[in-house]
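Chains as they are written, first to last, in this note's numbering: chain V, 2 to 232; chain H, 2 to 232.
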DNA sequence: CGCTCTGTGTCACACGGGTGTCATATTGCG
DNA sequence: CGCAATATGACACCCGTGTGACACAGAGCG
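Below, the structure is given as structure tokens:
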């Protein structure tokens, strides 16, 4: 397959070089940007499959940049791995809560970096692009981030959307709450497992008027499953 | 909750004991092997959910063993964590390249070990492989945790499901109540042996409408057996 | 700057079903 | 027949899940 393109946004040249070296050795294609402005240009020029984003940047910080991208429809589901020297737990939580897919703290080994990059890419692969999923009349259009059934649209929050997207990409399969947190919320997030229940309920509630709530099934003691077959 | 089974391949007894202690305290089920040959036997006897493999072993080294497993279709995606005293980055890369899922260097703390074990297990599917077992029309799909016969699905509680899964993975063989408690309930659990009888009955009752209850046979004085041949 | 609105995570509580244990009936074997 | 092992039904407890409410943080807007 064509090698994945990765954008490295990092102001310190030595670290940037180290990352580039590690990535290129593993056969990734790499673009670099020292600051937010350069990063915007780089993205416009060639859309990367993943962004390695330094938390601390001169001028517009990595956090702000990430939030900016998350708001824009075009870049909303661009996989982002935050790179930071901070170890503060609060920062970690904040970073992940704004939608980063993973989090790497300096110093890190190149093998760790590669592993995380691979993991995130692997997860975002199915349906990472503007794929539109359709299951039994339920249509999820990734390009417009919209879910419709027939001609009426289903109103979903961002998390519910990602949850449904995950389910529709992986139907007929049981996932534990932990796995769902990993793949829908992002790796290394610390949120209560029971939070999943709440979002499951919200998703069910949103799907109920259209009769699709039965597809989300509880597997007691294990987790949840998205299935076309009734219980 | 059936605990995960972990095989520890390590020639130095003190280290092996330390690892075993740390794992068992965290409620993992542990098997040990001091060398490659013993490891092969242990895997044949009971397939582990994960292997902790020492790099340096007398005779056939851990690296060779890992490569051997990776070649065999049956063990190709068995999660492996390499344990080693080496810190050379080249070795690390070699280890990961031959398919190890993670890498621990001695000396390591038991908490680090546990963390890595958990992380690797989390990535692999719940219940090990997503194999689907089929015996004479009775289908058990591990991915969706569903049991079907024809197009109707069989309603099972969690314990009955695990029990049936155990039986279908090991048919034509008698197991004592004690063995079944170990493998289905998980070791370190204290429940009455008679409890097995009750769950056997529940499983039979669930399978009866489909005519599969005869497969679960009582072996008086020994235990139970799952067999396609009638008594 | 302050307001509202929306989305999110966490908690408390309710409830239903799963689970283990016992008492009793039944079966198998010497 | 007598004893031991197993089958079965009943039952109480408790864990896992559903659900509503709430606090909090950002975004948008005047």
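Positions of the beta carbon are idealized from the N, C-alpha and C atoms, including for glycine.
In this text, all values refer to a predicted model and were calculated from it rather than measured experimentally.
When the distance is taken between beta carbons, is residue j closer than 9 Å to residue i?
| i | j | result |
| --- | --- | --- |
| residue 32 (chain V) | residue 61 (chain V) | no |
| residue 80 (chain V) | residue 55 (chain V) | no |
| residue 155 (chain H) | residue 138 (chain H) | no |
| residue 85 (chain H) | residue 106 (chain H) | yes |
| residue 17 (chain V) | residue 25 (chain V) | no |
| residue 14 (chain V) | residue 114 (chain V) | no |
| residue 208 (chain V) | residue 196 (chain V) | no |
| residue 178 (chain H) | residue 198 (chain H) | yes |
| residue 161 (chain V) | residue 211 (chain V) | no |
| residue 78 (chain V) | residue 143 (chain V) | yes |
Nearest-angstrom Cα distance between residue i and residue j?
| i | j | result |
| --- | --- | --- |
| residue 203 (chain H) | residue 4 (chain V) | 53 Å |
| residue 169 (chain H) | residue 136 (chain H) | 7 Å |
| residue 176 (chain V) | residue 216 (chain V) | 14 Å |
| residue 110 (chain V) | residue 20 (chain H) | 25 Å |
| residue 193 (chain H) | residue 71 (chain H) | 40 Å |
| residue 6 (chain H) | residue 76 (chain V) | 42 Å |
| residue 53 (chain H) | residue 120 (chain V) | 21 Å |
| residue 39 (chain V) | residue 66 (chain V) | 11 Å |
| residue 166 (chain V) | residue 232 (chain V) | 21 Å |
| residue 46 (chain V) | residue 190 (chain V) | 31 Å |
| residue 64 (chain H) | residue 57 (chain H) | 8 Å |
| residue 226 (chain H) | residue 157 (chain H) | 19 Å |
| residue 237 (chain H) | residue 48 (chain V) | With chain H covering 2 to 232 only, the question about residue 237 (chain H) has no answer from this structure. |
| residue 219 (chain H) | residue 34 (chain H) | 33 Å |
| residue 69 (chain H) | residue 42 (chain H) | 14 Å |
| residue 73 (chain H) | residue 112 (chain V) | 26 Å |
| residue 101 (chain H) | residue 101 (chain V) | 27 Å |
| residue 224 (chain H) | residue 180 (chain V) | 36 Å |
| residue 27 (chain V) | residue 59 (chain V) | 29 Å |
Check whether chain H comes within 9 Å of residue i, counting only Cβ atoms and requiring the distance to be less than that.
| i | result |
| --- | --- |
| residue 183 (chain V) | yes |
| residue 222 (chain V) | yes |
| residue 105 (chain V) | no |
| residue 195 (chain V) | no |
| residue 206 (chain V) | no |
| residue 38 (chain V) | no |
| residue 65 (chain V) | no |
| residue 47 (chain V) | no |
Bridge partners of residue i, per DSSP?
| i | result |
| --- | --- |
| residue 6 (chain H) | H:30 |
| residue 69 (chain V) | Paired residue(s): none; residue 69 (chain V) is not in a bridge. |
| residue 224 (chain H) | H:220 |
| residue 64 (chain H) | Paired residue(s): none; residue 64 (chain H) is not in a bridge. |
| residue 118 (chain H) | Paired residues: none, contrary to the question. |
| residue 149 (chain V) | V:140 and V:154 |
| residue 52 (chain V) | V:8 and V:81 |
| residue 135 (chain V) | V:140 |
| residue 106 (chain V) | V:85 |
| residue 175 (chain V) | V:226 |
Round the Cβ separation of residue i and residue j to the nearest angstrom and send it over; I've been treating them as touching at under 8 Å.
| i | j | result |
| --- | --- | --- |
| residue 221 (chain H) | residue 185 (chain H) | Actually they do not touch by this definition, with Cβ atoms about 21 Å apart. |
| residue 172 (chain H) | residue 229 (chain H) | 7 Å |
| residue 30 (chain H) | residue 146 (chain H) | The Cβ separation is near 21 Å, so there is no contact. |
| residue 117 (chain H) | residue 103 (chain H) | 5 Å |
Under 9 Å between C-beta atoms, does residue i make it to chain V?
| i | result |
| --- | --- |
| residue 145 (chain H) | yes |
| residue 158 (chain H) | yes |
| residue 28 (chain H) | no |
| residue 142 (chain H) | yes |
| residue 166 (chain H) | no |
| residue 123 (chain H) | yes |
| residue 170 (chain H) | no |
| residue 110 (chain H) | no |
| residue 4 (chain H) | no |
| residue 154 (chain H) | yes |
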